[in-house]
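Protein chains: 4
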Amino acid sequence: MEKVSFKSIISNYKAVFVDSYGVLKNHQGLIDGVETAIKHVRDEGKILRVLTNDASRSQDEQVEMFMNIGLNTLKSSEIITSGMLARHFLELKIKTGKIAYLGTPSSARYFLQFGIEPVPVAEIDLEDIDDILAFVFLDDEGFDWNEGINKTVNFLRRKNLPVIVANSDKYYPISNNDVAVAIGGISRLIESVLNQKFIRFGKPDSQMFMYAYDDINKYGNFSKSDILMVGDTLHTDILGGNKFGLKTLLVLSGNTRPENFEMKINSTGIIPDYITDSILT
Amino acid sequence: MEKVSFKSIISNYKAVFVDSYGVLKNHQGLIDGVETAIKHVRDEGKILRVLTNDASRSQDEQVEMFMNIGLNTLKSSEIITSGMLARHFLELKIKTGKIAYLGTPSSARYFLQFGIEPVPVAEIDLEDIDDILAFVFLDDEGFDWNEGINKTVNFLRRKNLPVIVANSDKYYPISNNDVAVAIGGISRLIESVLNQKFIRFGKPDSQMFMYAYDDINKYGNFSKSDILMVGDTLHTDILGGNKFGLKTLLVLSGNTRPENFEMKINSTGIIPDYITDSILT
Amino acid sequence: MEKVSFKSIISNYKAVFVDSYGVLKNHQGLIDGVETAIKHVRDEGKILRVLTNDASRSQDEQVEMFMNIGLNTLKSSEIITSGMLARHFLELKIKTGKIAYLGTPSSARYFLQFGIEPVPVAEIDLEDIDDILAFVFLDDEGFDWNEGINKTVNFLRRKNLPVIVANSDKYYPISNNDVAVAIGGISRLIESVLNQKFIRFGKPDSQMFMYAYDDINKYGNFSKSDILMVGDTLHTDILGGNKFGLKTLLVLSGNTRPENFEMKINSTGIIPDYITDSILT
Amino acid sequence: MEKVSFKSIISNYKAVFVDSYGVLKNHQGLIDGVETAIKHVRDEGKILRVLTNDASRSQDEQVEMFMNIGLNTLKSSEIITSGMLARHFLELKIKTGKIAYLGTPSSARYFLQFGIEPVPVAEIDLEDIDDILAFVFLDDEGFDWNEGINKTVNFLRRKNLPVIVANSDKYYPISNNDVAVAIGGISRLIESVLNQKFIRFGKPDSQMFMYAYDDINKYGNFSKSDILMVGDTLHTDILGGNKFGLKTLLVLSGNTRPENFEMKINSTGIIPDYITDSILT
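Chains as they are written, first to last, in our numbering: chain A, 1 to 281; chain B, 1001 to 1281; chain C, 2001 to 2281; chain D, 3001 to 3281.
Given below as structure tokens:
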């Protein structure tokens, strides 16, 4: 497939959805030139939304994180996280009571700020679980894995309740070479032990795209053909965008690399509409 | 879990989404009393939508099929099929050219009525496939399985293109005891041979719920809490409804039976909000 | 990894186990030069066994097939098929009664020649299944797939009995470009519909290697370090040989190709001890 | 299925293979009456072997553990562990160099006592991994899970080498209600993140049965029909025994319970030849 220039392509669209990690930033910080690229999107009058499977930060915390690495123009309302969708799910399902979680207290505070009492797994009393009404996999930090994973398994063996995975990614990059197992990976271990399937949120599921689509239609009149989805990962960004019916642009600045993108596209059958090295050109 | 009465429950909602097979009809025809139940829904002023993973019939053909078995009040616009979503996907992605398919010519005519030339697998010339731009799994009928499955495998080994599964169900009931393997099951065989994942449409994916939700909001102002999803299958109707954020009612007149529903709920962890024997009470 | 010469390598071993398809023959017949290579193995005094996942032919039929394509020196006792192991399993488990099967009558005659009445799926009377005691997936030929697959699903929904897959391969090559779905692939479709796991025979399972190992030890004193396993497929020949504790030689004349073997080894983590283009050098 | 008495059944066999956990012992210690049952097996002149997927203890340590809970008659040579098979595999494959592992130093000492230098994951220097030649999942204890799992993932992303799972069980019981995730479960998490399949040892694979079978044939002349496999778990003991061609006896004193064994047999299709409440009768 031929590569295109991001700037030339976006002129055909009225809105741009971008993934965060691998498109805007990487483990070292903001990807060089992204500030200019985002400025270009705005100068051209395009609507922008960032769609991220990072469920550990609120919208405000995401904005602050981008500021800290040098991108000052993102607004809270432009950021859509899988955690927001998981939280909406719970808000509709469960009005009062306790929700147990694996993650940091800060991710739980953000996640469960609606009259619900969050209970970290470490504090569950396995003999007194009647008033816990749901379980959420929030973040890979904030608990001892050995204790937390085993206790979660035994809690879920005792109590049948809705189990939500707020970030379905298996891992995330932490350096040029290395990755860290994400809470979505840990949730799969527990699914495998229990022989159950939990409720997952995040790309490639259509829900996040639909949320963003409904959201921008409050500010204008957009059809799907007006929107370009930009991402670095075939199985989440591109599959999700394709399935929702958007045109998709694969960038090679993240998970999918210039040296193997053709092999990956061929072996997965997930085909972007366009390919570019990065959003800088 | 305690059982409830359908009639008492729907009074709390402004709209009702119902699955077709196992709720309204079964292999013998209309389930006894369904006509009265649907009349009750209308008399109470509730909005109705039928959400079905049956991709082999158009909306009009669905209406006709329901008429033939004795339910005359359904309108074409009240029926939402996974095939409609798959078709929207293709309409946005592919404007001209040929699309190959497994299924009946009539399912293809309905599916691909937009300036695209449908090519049944049997008529693909494997040496001349440049102008085929997508592949659709439509229906389990209309082709010889031995020839059709093998030819599809070899076509997809030669050409990398979007592959769509219009109905993700593995099988469907054809009598009290027996089932038939659906095109979603056949697609899984081919995925397994090719070691690929195709693009699926249908419940439990959020897209179909979102389509129905957007649709009814053209006629009024509905929030998710105004809608009850009614279905007989945990993995499609109830999981999908739960995930989209609707209240869910499991009926025991189809796939999930009175004698084993508790075991199935416990072993899957997919928990409906309500349970009823059928929509007749 | 560096490539080696087959002839130089086998001098270090007392016995050679070889896969059939992709090493000795391909869709066009005997691979050029194989006759000389086999002669070399014999001239060097090495014991030879052919280990094949082809369950549709008896040992005698295998010998005949090799004769027909020009290899006259193989003896019946040198050939070990996954079907033989599946048959041993049944002989030990079931002494009388009927066994239903998917496959050709000739594969069934060979397979079930021990006082058992074979019943092709097409002839099962679903209302009279009490005396059928096992089910075998034998061959992808000999039945109409549409009827045979659906009837098998419904038979297995009605009766809980041992289900054996005599060839676990998903597909086999039929030309340079094309493959055919094997009975192992069809069995997976039915497993997926029924949500069950059947009993499989064939490489990479240790049983076939252990059978060959016990067999040659009737004729001499062989330890595992005396044996070289030669095959073209990482997931069956090489993984199975590695797991059983043999040294393994990957040949690039079949499933694994010179242009992508390194990628495949890296992505699977299945590492042969040696690699060669073919057994001809 | 009708239940039988263990004592009446074993009179038909010359050798008895028994699983350890759930048959001989449970989380509280020796199961009541097991000492008498084992004495009966010996008094009747039957050969005994214990086949266990516990790879964390040597044969001597197993004997000591059984002594500590009150069973004094087991000999080291009667115990066969999946760890022994994994170790044989490595001994044949790798003669010198370093092998990295997840587990306790004591499990590594036992496992790797043959001129190999064991390296716990915590001590791997990711910049200096050239002389590490294999990786073993040994035990769920002896490392911090957060650090150990992440470091293992990144080590295996950098180096392509044989990866062995010495115990394929996902979890093991630690009390009447509770389980602990086993190293086999942790290995699956890492497989899922890396999208690889490791080399597993242990039941239901035929290798362990073949090892025991070859072993007892040093002391007499046993055919498969002379041996009864006794176990509490359908997917390991019974499937493995069935597949290897032994008669199988399911005991209901462990994983499979009197209240749900019929449902489990029906839903898995794994059918024992006999069923008994325990080996005490």
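Cβ coordinates follow ideal geometry from the N, Cα and C atoms, glycine included. The structure presented is a predicted model; accordingly, all values stated were derived computationally and were not measured.
Are the C-beta of residue i and some C-beta of chain E separated by less than 8 Å?
{"i": "residue 2224 of chain C", "result": "Absent from the structure is chain E; the protein chains it does hold are A, B, C and D."}
Is residue i close to chain D, meaning its C-beta is less than 8 Å from at least one C-beta of that chain?
{"i": "residue 130 of chain A", "result": "no"}
{"i": "residue 2283 of chain C", "result": "Missing from the structure shown is residue 2283 of chain C; chain C here goes from 2001 to 2281 and no further."}
{"i": "residue 2088 of chain C", "result": "yes"}
{"i": "residue 2152 of chain C", "result": "no"}
{"i": "residue 185 of chain A", "result": "yes"}
{"i": "residue 2242 of chain C", "result": "yes"}
{"i": "residue 161 of chain A", "result": "no"}
{"i": "residue 192 of chain A", "result": "yes"}
{"i": "residue 178 of chain A", "result": "yes"}
{"i": "residue 2268 of chain C", "result": "yes"}
Report yes or no: is there a C-beta of chain C within less than 8 Å of the C-beta of residue i?
{"i": "residue 3105 of chain D", "result": "no"}
{"i": "residue 1279 of chain B", "result": "no"}
{"i": "residue 1170 of chain B", "result": "yes"}
{"i": "residue 1041 of chain B", "result": "no"}
{"i": "residue 3115 of chain D", "result": "no"}
{"i": "residue 3068 of chain D", "result": "no"}
Rounded to the nearest angstrom, how far is the Cβ of residue i from that of residue j, given a contact under 8 Å?
{"i": "residue 3119 of chain D", "j": "residue 3149 of chain D", "result": "About 16 Å separates the two Cβ atoms, so there is no contact after all."}
{"i": "residue 2164 of chain C", "j": "residue 2181 of chain C", "result": "Not really, about 19 Å apart at Cβ, beyond 8 Å."}
{"i": "residue 1206 of chain B", "j": "residue 205 of chain A", "result": "6 Å"}
{"i": "residue 3102 of chain D", "j": "residue 3143 of chain D", "result": "6 Å"}
{"i": "residue 1081 of chain B", "j": "residue 1141 of chain B", "result": "Their Cβ separation, rounded to whole angstroms, is 16 Å, which puts residue 1081 of chain B and residue 1141 of chain B out of contact at 8 Å."}
What are the boundary residues of the alpha helix (DSSP H) that includes residue i?
{"i": "residue 105 of chain A", "result": "105–111"}
{"i": "residue 15 of chain A", "result": "From DSSP, residue 15 of chain A is part of no alpha helix (DSSP H) but of the beta strand (DSSP E) over 15–18."}
{"i": "residue 2189 of chain C", "result": "2183–2194"}
{"i": "residue 2247 of chain C", "result": "Run containing residue 2247 of chain C: none in the alpha helix (DSSP H); it sits in the beta strand (DSSP E), 2247–2251."}
{"i": "residue 2215 of chain C", "result": "2206–2216"}
{"i": "residue 2001 of chain C", "result": "Per DSSP, residue 2001 of chain C belongs to no alpha helix (DSSP H) and is neither H nor E."}
{"i": "residue 88 of chain A", "result": "82–93"}
{"i": "residue 3006 of chain D", "result": "3006–3010"}
{"i": "residue 3239 of chain D", "result": "3239–3244"}
Please tell me whether, using a cut-off of 7 Å, the distance from the CB of residue i to the nearest non-hydrogen atom of the ligand MG is below it.
{"i": "residue 2088 of chain C", "result": "This structure lacks the ligand MG, and indeed carries no ligand of any kind."}
Just curious, the beta strand (DSSP E) that residue i is in, first and last residue?
{"i": "residue 231 of chain A", "result": "227–231"}
{"i": "residue 1137 of chain B", "result": "1132–1137"}
{"i": "residue 122 of chain A", "result": "Per DSSP, residue 122 of chain A belongs to no beta strand (DSSP E) and is neither H nor E."}
{"i": "residue 274 of chain A", "result": "274–276"}
{"i": "residue 2271 of chain C", "result": "Taken as a continuous stretch (DSSP letters only), residue 2271 of chain C belongs to no beta strand (DSSP E), as it is neither H nor E."}
{"i": "residue 1099 of chain B", "result": "1098–1102"}
Is residue i close to chain B, meaning its C-beta is less than 8 Å from at least one C-beta of that chain?
{"i": "residue 2203 of chain C", "result": "no"}
{"i": "residue 2133 of chain C", "result": "no"}
Counting contacts by CB-CB distance shorter than 8 Å, is residue i in contact with chain A?
{"i": "residue 1206 of chain B", "result": "yes"}
{"i": "residue 3139 of chain D", "result": "no"}
{"i": "residue 3121 of chain D", "result": "no"}
{"i": "residue 1210 of chain B", "result": "yes"}
{"i": "residue 3165 of chain D", "result": "no"}
Write down every uninterrupted run of the beta strand (DSSP E) in the stretch 2150–2175 of chain C whose length is 3 residues or greater and which is fully enclosed by it, in chain order.
-> List check, beta strand (DSSP E) in window: 2163–2165, 2171–2173.
Every unbroken beta strand (DSSP E) inside the stretch 21–79 of chain A [3 residues or more] | The stretch 21–79 of chain A contains these whole beta strand (DSSP E) runs: 47–52.
Taking 8 Å as the threshold, find out whether the stretch 2060–2075 of chain C comes into contact with the stretch 2025–2042 of chain C through three or more Cβ pairs.
-> Contact holds: three or more Cβ-Cβ distances are below 8 Å.
Is the number of C-beta pairs between the stretch 20–29 of chain A and the stretch 168–176 of chain A that are closer than 8 Å three or more?
-> Enough Cβ pairs lie closer than 8 Å, so yes.
Would you check if there are 3 or more beta carbon pairs closer than 8 Å linking the stretch 8–23 of chain A to the stretch 224–235 of chain A?
-> Three or more pairs of CB atoms, one per stretch, sit closer than 8 Å, so the stretch 8–23 of chain A contacts the stretch 224–235 of chain A.
So, do the stretch 1254–1266 of chain B and the stretch 187–201 of chain A have three or more beta carbon pairs nearer to each other than 8 Å?
-> Counting C-beta pairs with one atom in each stretch, the stretch 1254–1266 of chain B and the stretch 187–201 of chain A have fewer than three that are closer than 8 Å, which means they do not touch.
Taking three-plus beta-carbon pairs below 8 Å as touching, is the stretch 1042–1051 of chain B in contact with the stretch 1193–1201 of chain B?
-> Below 8 Å, too few C-beta pairs join the stretch 1042–1051 of chain B and the stretch 1193–1201 of chain B to call them touching: fewer than three.
Contact between the stretch 122–136 of chain A and the stretch 74–93 of chain A (3+ Cβ pairs under 8 Å) | Yes, they touch.
Are the stretch 1003–1015 of chain B and the stretch 1266–1281 of chain B touching by the rule of at least three beta carbon pairs closer than 8 Å?
-> Touching, yes.
Using 8 Å as the threshold, is the stretch 2238–2256 of chain C in touch with the stretch 2211–2228 of chain C, meaning 3 or more CB pairs across them?
-> Pairwise C-beta distances place the stretch 2238–2256 of chain C in contact with the stretch 2211–2228 of chain C, as three or more of them are shorter than 8 Å.
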